[in-house]
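**Q**
Residue numbers (the working numbering): 8 to 188.
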């Protein structure tokens with residue numbers, strides 16, 4: 008489908024790939040053939056509206072809202088006159104930080120030989136340089152070890168006797184964003 012004879016918008020990149028469950032992150036999608044009218048966009052992430060604040064022919068920026076609870080990650084970009092834009096398998100993930108006490112219900116992060124359960128709908132970003140030795144890490148949601156963008160040789164240690172993925176996702180770098188340490 009075309010809009011006034013223009014080509015269909017094409018998404019090629021997104022930055023950042025992760026953001027806080029508390030919201031307020033500026034999220035920029037880049038690509039081609041975007042519309043400059045911000046009112047033409049409806050962007051939802053995990054079912055939460057992300058209001059568009061700026062748009063050019065090559066980028067669209069929205070601000071994430073607060074995401075309560077456990078929700079499976081999803082991204083929809085709807086453009087009036089075009090319908091849904093293919094997200095090109097790009098996915099913004101609302102993350103809970105390992106270092107945050109709120110991730111652990113207001114308690115401390117896991118301690119020596121404890122087990123960790125990452126339920127479906129939780130994206131756990133390991134943002135600490137090392138963890139204590141853990142017994143079991145059971146992942147049904149996602150656990151992410153993001154590369155350090157400013158220090159390619161940055162070292163991070165994660166110590167667990169067992170890590171089980173059951174329909175979950177574990178990322179230690181990707182082809183596009185390699186983990187180099």
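Quick reminder that beta carbons are idealized off the backbone N, C-alpha and C, glycines included.
Quick caveat: nothing in here was measured; it's all calculated off a predicted structure.
What does the alpha-carbon distance come out to for the pair residue 22 and residue 36?
**A** Residue 22 and residue 36: Cα-Cα distance of roughly 7 Å.
**Q** When we look at the beta-carbon of residue 41 and count the other beta-carbons within 10 Å, is it buried (16 or more) or exposed?
**A** That one is buried.
**Q** Would you check if the distance between the CB atom of residue 148 and the CB atom of residue 130 is smaller than 9 Å?
**A** Yes, the Cβ-Cβ distance between residue 148 and residue 130 is below 9 Å.
**Q** Is the number of C-beta pairs between the stretch 49 to 58 and the stretch 116 to 127 that are closer than 8 Å three or more?
**A** No: the two stretches stay apart, fewer than three of their Cβ pairs being nearer than 8 Å.
**Q** Any idea what DSSP makes of residue 109, helix, strand or coil?
**A** Here residue 109 sits in helix by DSSP.
**Q** Roughly how many whole angstroms lie between the Cα atoms of residue 10 and residue 73?
**A** Any reading at residue 10 must be qualified, since the residue scores a pLDDT of 45, below 50, and its modelled position is unreliable; the value itself is stated next. Their backbone Cα atoms lie some 32 Å apart in a straight line.
**Q** Ignoring anything shorter than 4 residues, give me the alpha helix (DSSP H) runs that lie fully in the stretch 20 to 75, in order along the chain.
**A** As far as the stretch 20 to 75 is concerned, it has no whole alpha helix (DSSP H) run of at least 4 residues.
**Q** Please classify residue 101 as buried or exposed, where buried requires at least 16 other C-beta atoms within 10 Å of its C-beta.
**A** By the neighbour-count rule (16 or more Cβ atoms within 10 Å), residue 101 is buried.
**Q** Could you compute how far the alpha carbon of residue 171 sits from the alpha carbon of residue 99?
**A** Answer to the nearest angstrom: the Cα atoms are 24 Å apart.
**Q** In whole angstroms, what separates the C-alpha of residue 39 from that of residue 160?
**A** Those two C-alpha atoms are separated by around 34 Å.
**Q** Quick check: residue 183 and residue 152, are their CB atoms within less than 9 Å of each other?
**A** No, the Cβ-Cβ distance between residue 183 and residue 152 is not below 9 Å.
**Q** By DSSP, does residue 135 sit in helix, in strand, or in coil?
**A** Reduced to three states, the DSSP call for residue 135 is coil.
**Q** Is residue 88 helix, strand or coil by DSSP?
**A** Coil at residue 88, not helix or strand.
**Q** Would you kindly report the start and end of the unbroken beta strand (DSSP E) that includes residue 141?
**A** Per DSSP, residue 141 belongs to the beta strand (DSSP E) from 141 to 146.
**Q** Which residues mark the beginning and the end of the beta strand (DSSP E) in which residue 184 is found?
**A** Element bounds for residue 184: n/a, residue is neither H nor E.
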